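Taking the UniProt record's numbering, the leading residue of the sequence shown gets 1, the next gets one more, and so forth. Beta carbons: idealized from backbone N, C-alpha and C, even for Gly. Note that the structure is a prediction, hence the values are computed from the model and not measured. Structure, as structure tokens:
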Amino acid sequence: MIPKTSMSLNKCSFKILKNVINSSIPKNANIYQVIIKNELSINTKYSINFFENLNNDNKIHLKFNESIKSELLNKKNFNRKYNSYTKNNLQTSFKIDFPKKLNSYCKILYNQTTITKSLNQIQKSNFTSKTPFNKTSNISNSYYSKNKINDVNQFNSYTNNGNTYPNNFKTFYKRVSSKKNTQNNQKRKFNKSKYQSSKNKSHTSSKKFVTDYFVIPIGGTITIKLLYHYGQKLREENISKCSTIYCEAHHRNKDGRGKNIVIALEEKKNNENTEDKQKEQENKELLKFLFSIIKKDLLLVLFIFAVTLSAAGINVLTPIITGDLINVVQDVLKRQEGFYSIDFAEFTAPTLKLLTLYLTQGILTFVDITLVAKLGENIASRLKLKLFNSYLLQEISFFDKNKYNDIITRLTNDINSFKSTFKQALTQGLKCTTQVVISASYLISISPSLTLTICSTMPIIYFSMNLYGIYLRKLSKKAHMLEDITNFIASEAISNIRTVRSFAAEPTEMKLYQSSLNKTSDANTKLGFHIGIFQGTTNASIGSLVLMILYFGGKQVVQGSMNPGQLMTYMVAMQNTQKSLSHIGVLFGQSIKAFDSLRRVYEYVTDSEGNSSNANIIINEIQDKIEFKNVNFTYPTRPEAKILNNFSLKIPVGKVLAICGTSGSGKSTIGQLIEKFYEIDSGNILVDDISIKDIDSRSLRKNIGYINQEPILFHTTILENIRYGNPNATLEEVKEAARQANASHFVESFPKGYDTIVGDRGVALSGGQKQRIAIARAILKNPSILILDEATSALDSHSERIVQEALNRLMKGRTVIVIAHRLSTIKNADNIIVMKPYDPLDGEKINIIESGTHRSLMRKKGEYYKFYKDLSRKDKKD
Ligand SMILES: Nc1ncnc2c1ncn2[C@@H]1O[C@H](COP(=O)(O)OP(=O)(O)OP(=O)(O)O)[C@@H](O)[C@H]1O
Ligand SMILES: [Mg+2]
């Protein structure tokens, strides 16, 4: 092993990091993970990933990813520069020292379950850099002063001549490395002999490497991905407000133990323009997407527009006609002719007009609501369908990357929130805007001077109330967050009640809950107090506004420049305008949120659109073999951990291959790759000599039956669950499959037989029963390849025998890959391979340690022999 290298951020960088983090997430959110990515401007694809091994001492070990190495080596541009470096870093692990200071800046926590209990501890942090380190010997001042270099190649041309460090670096170097490293090195335990041997191994290429600097492209944008808990939810925020100044690995210390990598960050300033442009572009695309969703209902939208505009017109007309009615009353009073001499015809005209207006308004409201509901549902259904379809078409890795809750939330909450805001914005927004425009012009036409007087005071009230509103929203957000945390504490304690009990932690939980409850209650009381002030002031100012109108308007009536009807109209119109304005404000805020919801949905929809591949070879039946040829594979969610290395394997048709090996050695992975659930990094998987990449996934999967330890059933009848293997199967065929799967007996013993509902994920069935249903399903599917992944491991020996019998029947005449622990299956397999997890530090770098038939492997007395003996012992015990 090559010595560990420590990595640190300087004080200033931490400050920047802290500022950036603080300005990006809610104040009381708990940071769960901070992932720092440094994007390489020339091509982000060439990046080196680290993975971390947690230490309890706030230190993180990082290793370079080898797959990136091979990719880099394949690229002409990088060939020379990375060659020696990548060869070495494959075996190099780095260590980042998180200074204790980080503790006070942000709380990095171990995992979801401990968040509330360890607010002040750093238990785990993840510091990932996605950067191709560039190997060079010096950084010149000229380079540093230019500081605009984004490109590694460009950077190299600067770095090879100069001999001095940048000034800041010198100072920093003294401050950080001299003090800290001596401390760190004292602490560090180091296996010297291991180090020596690896040092010798890679001597020629690593000599330079040892004294060189690693440089993260300077000026490159740092993207900080924050995972944080805000209430119960784990949220994610990507921020790119920093850029790297430098990142260096300096000399190994005298004792040869490790080196220090230093990263310095700078707050990004000059990229705002490009960011704005990008946002603009994104918004355009989002609007296009929205239009594509609404397009089919364009006529309906236009109709709703017309209805809404008419309703708004009527709303404006109503106070005018009311004013007319008041004027009639006043005329009659003026004439002082007595009640009996009143000509009711004078009243009738405005009254009828008003009645017509009210009736029309009622009808329009009815039509409006019905049509908007229809439109909203159409849009939501279309969005949901699009999103659901996109989920079903997503790569399997998508489900590894995204949390189940997020996926479902987008399908439900996000779309529903968009729907309701869209409906409101379409009707209320349009109505209010029209009303404001018409009413304002009407107000001016009635009395310009009064409108001017009101207008000069209204903005003051409006803005001060808005400011107060912002403060209120902040308070309410805080109260909500505290409430979320309180609920989370309760739900966590209750759902983990067994753990709480067994650790006698009830008093701790109670205390924790109470303290959180107190905080929530304080926050809510404070909120109530301020809402009281807000409401009181709002009522008083609205009252004052009315009084102002009455006072100034009354004066004008007395002076004769306005009649009482107009004053009445004026008052009502003013109130309407004011209401509409505040409504528009609320709607605006909601629309921004709704747009964000739509953006999230759009993200997932477009994600899957990139998945359409041109793999179009249809295979009906696999006739020859499946072959793995030098396959390299890493899971997309964990690119730093290689699973298969140069893996080769042939599985001839009709033969049984047994795979055994330790847990985590990649046995199930092989099954998943045959199903084309993941793309391989390099090499090839051939089915009948056709690359799996070119085969249509659906046609491939039709040929494969996969039965694993925990078969998943759907929440429907046994009949439908078995029929899932072949939707066209008749009842008789289903029954026959059940018979072959040894399932008919227990199914028929249920009162409802094949119509028995199996419960969510099959909870109403035992493990062995579920497995037999799954086997029946596979029998109906009639696949040419069968993958049995630990299919009977969860069963007792009686159920196992019954299931095994069924499996043996199913296996006949098919190519079988059995990930095994059943002696009889392994023994009779045509070929057996024994796997072990791939370890880059292990000299052999292989996955398969042994292969052959049972006999030959037993004779060899190697790993398989041990494994077989272990299993026989276990079998006997059972
Ligand atoms: N979806 C995934 N994303 C990331 N890593 C994964 C994923 N699935 C498996 N792994 C990792 O890949 C490695 C191999 O896993 P795999 O499931 O193939 O092992 P296995 O040999 O079947 O083990 P077991 O005998 O315990 O079932 C493990 O280290 C595992 O952590
Ligand atoms: Mg497995």
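Return yes when at least one heavy atom of ligand 2 lies under 7 Å from the C-beta of residue i, else no.
i      : result
Ser668 : yes
Glu483 : no
Ile819 : yes
Glu790 : yes
Mind checking residue i: buried by the 16 CB within 10 Å criterion, or exposed?
i      : result
Phe98  : Bear in mind that the predicted position of Phe98 carries a pLDDT of just 34, short of 50, making it too unreliable to give a figure here.
Asp368 : buried
Ile408 : exposed
Glu282 : exposed
Ser8   : A caution first: Ser8 carries a pLDDT of 48, below 50, which makes its placement in the model too unreliable to give a value.
Arg873 : exposed
Asn566 : The amino acid occupying residue 566 in the given sequence is Gln; Asn does not appear at that position. Its Cβ being crowded by 16 or more others within 10 Å, Gln566 is buried.
Asn389 : exposed
Ser516 : buried
Lys781 : buried
Glu748 : exposed
Gly725 : buried
Met510 : exposed
Val558 : exposed
Pro652 : exposed
Tyr868 : buried
Val601 : buried
Ala743 : buried
Ser797 : exposed
Lys386 : buried
Lys866 : exposed
Closer than 7 Å to a non-hydrogen atom of ligand 1 - does that hold for the CB of residue i?
i      : result
Glu675 : no
Arg772 : no
Tyr404 : no
Asp400 : yes
Gly683 : no
His638 : Here the sequence assigns Arg to residue 638, which means His is not the residue at that position. Result yes, Cβ under 7 Å from ligand 1.
Gly664 : yes
Tyr604 : no
Tyr635 : yes
Pro837 : yes
Ile643 : yes
Gly661 : yes
Just checking my contact of residue i with residue j at CB under 8 Å: how many whole Å lie between their CB atoms?
i           : j      : result
Asp689      : Thr717 : With a Cβ gap of about 42 Å, Asp689 and Thr717 do not count as contacting.
Ile848      : Ile833 : 5 Å
Ile695      : Val687 : 6 Å
Ile643      : Thr669 : 5 Å
residue 943 : Leu357 : With the chain running from 1 to 878 in the structure shown, residue 943 is simply not present.
Ala774      : Pro711 : 3 Å
residue 934 : Gly661 : The question about residue 934 has no answer here: the residues shown for the chain are numbered 1 through 878.
Ala806      : Arg772 : 6 Å
Ala829      : Ala658 : 4 Å
Leu371      : Phe463 : Going by Cβ atoms, the distance from Leu371 to Phe463 rounds to 36 Å, so no, they are not a contact pair.
Leu581      : Val436 : 6 Å
Asn632      : Ser691 : At roughly 15 Å, the Cβ-Cβ gap does not stay under 8 Å, so Asn632 and Ser691 are not in contact.
Ser316      : Ser445 : Strictly speaking, residue 316 in this sequence is Val, with Ser absent from that position. Actually they do not touch by this definition, with Cβ atoms about 12 Å apart.
**Message:** Quick check on the DSSP output: what are the complete beta strand (DSSP E) runs of length 3 or more inside the region 652 to 695, in order along the chain?
**Reply:** 656 to 661 and 682 to 687
**Message:** For the pair the region 549 to 568 and the region 322 to 334, tell me if three or more CB-CB distances fall below 8 Å.
**Reply:** yes
**Message:** Runs of 4 residues minimum, wholly inside the region 807 to 851: which ones carry the alpha helix (DSSP H) assignment?
**Reply:** 823 to 828
**Message:** Is it the case that the region 411 to 423 contacts the region 575 to 584, given that we only count it when at least three CB pairs across the two stretches are under 8 Å?
**Reply:** no
**Request:** Could you say if the region 493 to 501 and the region 442 to 455 meet the contact criterion of at least three C-beta pairs nearer than 8 Å?
**Result:** no
**Request:** Run through the region 466 to 530 for me and flag every whole beta strand (DSSP E) of 3 or more residues, listed as ranges in chain order.
**Result:** none
**Message:** With a threshold of 8 Å, are at least 3 pairs of Cβ atoms found where one atom belongs to the region 533 to 540 and the other to the region 282 to 298?
**Reply:** no
**Item:** Uninterrupted alpha helix (DSSP H) stretches inside the region 393 to 459 (no shorter than 4 residues)
**Value:** 396 to 401, 404 to 409, 415 to 424 and 430 to 446
**Message:** List, from N- to C-terminal side, the alpha helix (DSSP H) runs of 4 residues or more that fit wholly inside the region 306 to 363.
**Reply:** none
**Request:** Assess, as a yes-or-no matter, whether the region 613 to 632 is touched by the region 458 to 469 under the definition of 3 or more beta carbon pairs within less than 8 Å.
**Result:** no
**Prompt:** Quick one: any contact between the region 517 to 528 and the region 470 to 482, if contact means 3 or more CB pairs under 8 Å?
**Reply:** yes
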